[in-house]
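Report on the structure given below.
Residue numbers (this note's numbering): 39 to 92.
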């Protein structure tokens, strides 16, 4: 497996773990891998009136 592929898979696994942790602590996941013209936001989450881009 190439280094790029390994890094991609590790990053994807970390996003899943982060998503689970956020959900277990009361956050709602609004979007995953949200693409914009200038890049990507891995997770967008909300809890109450607070929104976070991760």
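Quick reminder that beta carbons are idealized off the backbone N, C-alpha and C, glycines included.
Given this structure, state the Cα-to-Cα distance separating residue i from residue j, to the nearest angstrom.
i: residue 85; j: residue 54; result: 18 Å
i: residue 43; j: residue 50; result: 11 Å
i: residue 59; j: residue 66; result: 11 Å
i: residue 64; j: residue 90; result: 13 Å
Going by DSSP, what residue range makes up the alpha helix (DSSP H) through residue i?
i: residue 77; result: Looking at the DSSP string, residue 77 is not in any alpha helix (DSSP H); the run it does join, the beta strand (DSSP E), is 77–85.
i: residue 57; result: 41–62
Assuming residue i contacts residue j (C-beta within less than 8 Å), just tell me the rounded distance between them.
i: residue 68; j: residue 52; result: Between residue 52 and residue 68 the Cβ distance is about 19 Å, and since that is not below 8 Å, they are no contact.
i: residue 88; j: residue 80; result: The Cβ separation is near 17 Å, so there is no contact.
Any chance the CB of residue i is under 8 Å from a heavy atom of the ligand PLP?
i: residue 89; result: Absence of the ligand PLP from the depicted structure is noted, as is the absence of any ligand whatsoever, leaving it without description.
Which residue comes first and which comes last in the beta strand (DSSP E) that contains residue i?
i: residue 92; result: Segment: none, residue 92 is in no beta strand (DSSP E) and carries neither H nor E.
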